[in-house]
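For reference, the structure is listed below as structure tokens.
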Amino acid sequence: MGKYNISEKKEKEAHYRTLVNPKLMDEMKERILDIIVMQKKYKDKDYSAKKLADDLGTNTRYISAVVNVRFHMNYTSFVNKFRIEEAMTILVDRRYQNLRIEEVSDMVGFANRQSFYASFYKLMNMTPRDYRLQFLNLHPGEKVKKPKKKRSAKKKTEE
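Positions 1 to 159 (our numbering) are the ones given, in order, by the sequence shown.
Next comes the structure, spelled out in structure tokens:
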């Protein structure tokens with residue numbers, strides 16, 4: 001086990017993957033991309049493979065088969081890939097420079113900080129914070145300010 005409890009994935013051959021007609025697989029691939037990417041369902045923390053299957057009028061085994069065969073990953077990794085790609089953009093965007101990493105995680109659809117860090121590290125081999133800092137070192141003219149600490153309610157009432 002490496003950092004963030006990431007282990008190497010063992011390749012398994014599931015019989016049901018060969019049951020889906022290749023033409024149907026291509027059609028489902030396009031429909032999956034439309035829903036997950038174009039409609040940005042990856043931002044929805046609760047958008048499961050079951051909900052995708054319901055939206056496509058199929059079952060989760062077919063969804064799993066298409067994602068595995070056409071994208072070479074499981075459903076969760078597939079969705080998280082789009083979340084991480086968007087997070088990478090947000091992390092270095094000056095408009096969002098004051099956001100904390102946890103806020104970026106929430107914006108792109110992760111349910112918690114740990115799953116965001118683990119997925120980010122798995123894909124990029126660095127933490128989101130390191131990614132942001134590396135960008136700053138490569139583009140020193142584009143200053144990203146550290147997020148301001150939130151004031152407590154007590155301090156606000158004293159003012």
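Idealized CB from N, CA, C, for every residue including glycine. Since we're looking at a predicted model, the values are computed, not measured.
Item: Three CB pairs or more closer than 8 Å across the segment 58 to 77 and the segment 21 to 29; Value: yes
Item: Boundaries (first-last residue) of the alpha helix (DSSP H) holding residue 25; Value: 22 to 33
Item: Coil, strand or helix - residue 58 by DSSP; Value: coil
Item: Three-way DSSP call (helix, strand, coil) for residue 69 in this model; Value: helix
Item: Euclidean distance between Cα positions of residue 35 and residue 53; Value: 11 Å
Item: CA-to-CA distance, residue 134 to residue 78, given in whole angstroms; Value: 25 Å
Item: DSSP state of residue 99 mapped onto helix, strand, coil; Value: coil
Item: Reference residue 43; option with closest CA among 58, 61 and 84; Value: 84
Item: Straight-line gap, residue 59 to residue 23 (C-alpha atoms, nearest Å); Value: 17 Å
Item: Reference residue 39; option with closest CA among 55, 25 and 117; Value: 55
Item: Residues near residue 20 in its chain [Cβ-Cβ closer than 8 Å; skip 5 each side]; Value: 28, 62, 65, 66 and 69
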